[in-house]
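In the numbering used here, the protein residues as written are 593 to 935.
Right, one structure below, let's go through it.
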Amino acid sequence: MSTTNGPIHPDIRPLLDPEYVDFYEKHIANRTALHRVPWDPACRVGPINLGGLEPCKVGSVKDIVISLPGRVSVPARVFTPEGDRPEGGWPVLAYYHGGGWVLGNIDTENSFSARTCKAAKCVVVSVDFRLAPEHVFPAAVDDSWTALEWIYEHGAKELGINPAKIAVGGSSAGGNLSAVLTQRAAQRSPPIPIVYQVLIVPVIDNAIKEDGTSPLPAFYESWVKWKNTAALTPERMLWFRNYYLPDKEQQTHPDASPIYQKDSKVWAQLPDAWVGVAELDILRDEGELYARKLREAGKTVELVVYPASPHSIMAMDEALKVGYQLGEDAARALHKAFYGSSA
């Protein structure tokens, strides 16, 4: 088997955005497919996805280390908007990067973080949670939760944020963590009042099999229909999952797969959401299912399906017009949630 990503599958090629096809063939096809070679932590050097913008200018960017008693310290990067702080403090987005809980770091989604800070007029705290396989589940959840609790308890003093205007968001694995955290926040005593969640191509069910079945009475057709869409195939997704969740008994824990939350009271307390999914992504169906579950719980959900798109579009905001548009859409929704109107 080839150890590179290889060409786009002929069945998928005519369905994909031509901008993506062109960029993939020039820059991605010949890169090493990490799930086909022995694990080496050195693979984390450099960007996960090519084609991203350099971060735009914001008021300030600083790196911090978040600490709470009895917890592992968590690095984070804080983006603060230009201009005067609103009365009561800045709204804040706690943000969690993608990378399958295995790849990525504090630099991975700088462009999205900076663009969101500027367009949504909010502080963005990008969290550098621990990664598998060195740190398996629930390490990423624990670090992400530590950051969220710290923002709620200390953010007003340390960052000038408004603890009554906290949102969470993330892409892919980070979207998974975001959905998990909204549930944890609802169950905390007292609850953390999350006002909004931004879920970008999120992982929602970590127990799906390659044939699209899972312990739920649901069939995820996208896992079969789009199994050949570069570059997130079922083979690659299971590679991530097996490093993050080596204990299969934990795959249906709500902290690993938020769709398995059984407490209707928790669903009732979750915030409204913006959910962005890619049309040709194997994860599309689980993102749409979570949006439906939120709506059934009485939540207002804006669900956007990005046409002719693969999983990685959000990080490709320079190479792809649709990737840039996704960032604009998410920031607009977040601004409306914080300020009552679109940016």
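Ideal Cβ positions, reconstructed from N, Cα and C, are used throughout, including at glycine.
Because the structure is a prediction, the values reported are computed rather than measured.
- Around tryptophan 818, the same chain offers Ile604, Leu872, Asp873, Ile874, Arg876 as residues with beta carbons nearer than 8 Å, after the five sequence neighbours per side are excluded.
- When DSSP states are grouped into helix, strand and coil, tryptophan 818 belongs to the coil group.
- Ile600 is the residue among Glu726, Pro606, Ile600, Ser770 whose C-alpha sits nearest the C-alpha of lysine 618.
- With the rule of 3 Cβ pairs closer than 8 Å, the region 719 to 730 counts as touching the region 683 to 693.
- With a beta-carbon spacing of about 4 Å, glutamine 853 and proline 846 fall inside the 8 Å limit used to define contacts.
- Taking a contact as a CB-CB distance under 8 Å, the pair threonine 708 and alanine 922 counts as one, their CB atoms being some 7 Å apart.
- Beta-bridge annotation (DSSP): glycine 868 is paired with Ile792, Val896.
- Secondary structure in the region 718 to 793: the beta strand (DSSP E) runs of 3 residues or longer, each lying completely within the stretch, are 753 to 763, 786 to 792 in chain order.
- Only residues of its own chain outside the window of five on either side were considered, and among them Pro647, Arg669, Phe671, Tyr687, Val716, Ser718 have a CB closer than 8 Å to the CB of serine 705, listed in chain order.
- In this structure glutamate 701 touches serine 763 by the C-beta definition: roughly 7 Å separates them, less than 8 Å.
- Less than 8 Å separates the beta-carbon of alanine 865 from that of leucine 886.
- Nearest to isoleucine 698 by alpha-carbon distance, out of Pro639, Ala929, Glu741, Leu660, is Pro639.
- Residue pairing of leucine 685 in beta bridges, as defined by DSSP: Val716, Ala759.
- The beta carbon of arginine 833 is closer than 7 Å to those of Asn798 in its chain, skipping five residues each way along the sequence.
- Between aspartate 614 and glycine 651, the alpha-carbon positions lie close to 35 Å from each other.
- Rounded to the nearest whole angstrom, the CA to CA distance from leucine 824 to methionine 593 is 17 Å.
- Per DSSP, the unbroken alpha helix (DSSP H) holding lysine 857 starts and ends at 856 to 861.
- Just so you know, the alpha carbons of serine 703 and proline 683 end up roughly 19 Å apart.
- For the 8 Å CB-CB criterion, isoleucine 792 and isoleucine 758 do not form a contact.
- Considering only Asp735, Pro602, Gly680, the residue with the shortest C-alpha distance to leucine 751 is Gly680.
- Boundaries of the beta strand (DSSP E) harbouring phenylalanine 671: 666 to 672, taken from the DSSP string.
- In the DSSP annotation of this structure, the continuous segment of the beta strand (DSSP E) that includes valine 653 starts and ends at 652 to 658.
- A direct Cα-Cα distance of roughly 18 Å separates glycine 767 from serine 814.
- For the pair alanine 883 and valine 867, the CB atoms are nearer than the 8 Å cut-off.
- Close CB contacts of arginine 776 within its chain, under the 7 Å cut and outside five residues either way in sequence, are with Trp737 (chain order).
- Here proline 673 is buried: its Cβ has 16 or more other Cβ atoms, across all protein chains shown, within 10 Å.
- If you look at glutamate 827, you'll find it in the alpha helix (DSSP H) that goes 826 to 836.
- Distance from isoleucine 851 to leucine 808 at the Cβ level is roughly 7 Å; contact confirmed, criterion being Cβ atoms closer than 8 Å.
- Going by DSSP, histidine 845 is part of no alpha helix (DSSP H) at all; its letter is neither H nor E.
- If you check the CB distance, histidine 927 and alanine 756 do not come in under 8 Å.
- According to the DSSP secondary-structure assignment, phenylalanine 811 is paired through a beta bridge with Thr805.
- With contacts defined as CB atoms closer than 8 Å, leucine 912 and glycine 696 fail to qualify as a contacting pair.
- Remark: C-beta atoms of alanine 621 and asparagine 597 approach each other more closely than 8 Å.
- For tyrosine 835, the CB contacts under 7 Å within the same chain, skipping 5 residues up- and downstream, are Val694, Ala724, Pro725 in chain order.
- Residue environment analysis places glycine 919 among the buried positions, since at least 16 neighbouring C-beta atoms fall within 10 angstroms of its C-beta.
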